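Numbering (this note's numbering), first residue to last: 5 to 186.
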Amino acid sequence: MCSKNDWRLAFINNKSGFTLIELIVVIGIIGVLATLGIGSYSNIQKSARDSKRYSDLRELKVALLQYFAENGKYPTTAGRWFTVCTTGADPTARTTSGSGGWIPDLAPEYIDILPTDPSGCVGGAYDGYIYQSNGVDYKVSADWTAEIGANCQLGDIFADPNRTSSSAFTFCSVYTPGAANW
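What follows is the structure, given as structure tokens:
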């Protein structure tokens, strides 16, 4: 029979813990899971930004139709593209409201505030959201070159065939038929 002291010595001498190989395997598994999680998170963020853009284009279309119904014309830009990003076609710093807005006089009466692209100004000739109108027709486009690649993923309702197939830029747009080729 074992005495109390023998039992304590046996317990103290029994080393428990992880081996180096077990620790390396666990760290490797955690690393793989973290990599997969970060990749999924990045795709989720891109998808969320795209959804925001779709929503913004829909809201702008409704606001422009309301403006037209009350004023008999669309807000004009004198043949230039307006954007909130100063690197766009119109280098004037545009705002998100009032006569200096990137869609002049649309906000705050027809839409609370003019939206800006969720990625901000990504760099290039046309950044974020751009707008042009001659009063009779209009086009609002989203430049997504930094986001989704070759084609507008919205289908026919927002597709801008003039730009998604023949241009290095990816645009999804809302527009009147007369502005289709802008």
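All residues carry an ideal CB built from backbone N, CA and C; glycine is no exception.
Note that the coordinates shown come from a computational prediction; the quantities given were computed from them, not determined experimentally.
For residue i, the residue or residues it bridges with in DSSP
i           : result
residue 134 : 87 and 145
residue 105 : 99
Proximity winner among the options, relative to residue i (alpha-carbon distances)
i           : options               : result
residue 137 : 106, 35, 34 and 60    : 106
residue 142 : 38, 22 and 84         : 84
residue 115 : 58, 67 and 186        : 67
residue 100 : 86, 117 and 113       : 117
residue 74  : 180, 113 and 60       : 113
residue 53  : 185, 119, 180 and 186 : 119
residue 135 : 164, 71 and 86        : 86
residue 81  : 108, 72, 65 and 22    : 108
Inter-residue CB distance, residue i and residue j (contact presumed, cutoff 8 Å)
i           : j           : result
residue 162 : residue 178 : 6 Å
residue 89  : residue 125 : 4 Å
residue 61  : residue 146 : 6 Å
Between the CA atoms of residue j and residue i - distance to the nearest angstrom
i           : j           : result
residue 139 : residue 182 : 11 Å
residue 123 : residue 31  : 34 Å
residue 150 : residue 24  : Residue placement at residue 150 is poorly supported in this model, since its pLDDT is 48, which falls under 50; the coordinates are not used for a value here.
residue 111 : residue 63  : 12 Å
residue 57  : residue 27  : 45 Å
residue 59  : residue 121 : 11 Å
residue 37  : residue 133 : 36 Å
residue 44  : residue 35  : 14 Å
residue 190 : residue 46  : For residue 190 there is no data in the structure shown, the boundaries of the chain being 5 and 186.
residue 41  : residue 50  : 14 Å
residue 154 : residue 55  : Reliability of the predicted coordinates at residue 154 is poor, the pLDDT of 45 falling under 50, and the value obtained from them is presented with this limitation in mind. Whole-angstrom Cα-Cα distance: 17 Å.
residue 186 : residue 78  : 16 Å
residue 65  : residue 48  : 26 Å
residue 180 : residue 76  : 14 Å
residue 170 : residue 33  : Low confidence applies here, because residue 170 scores a pLDDT of 46, under 50, leaving its location unreliable; read the following figure in that light. If you take the alpha carbons of residue 170 and residue 33, they lie about 45 Å apart.
residue 29  : residue 22  : 11 Å
residue 103 : residue 39  : 47 Å
residue 98  : residue 72  : 21 Å
heavy atom of the ligand MN below 7 Å from residue i C-beta
i          : result
residue 70 : The ligand MN is not part of this structure, which contains no ligands at all.
Worksheet entry | Whole alpha helix (DSSP H) elements within the segment 14–80, 4-residue minimum | 24–75
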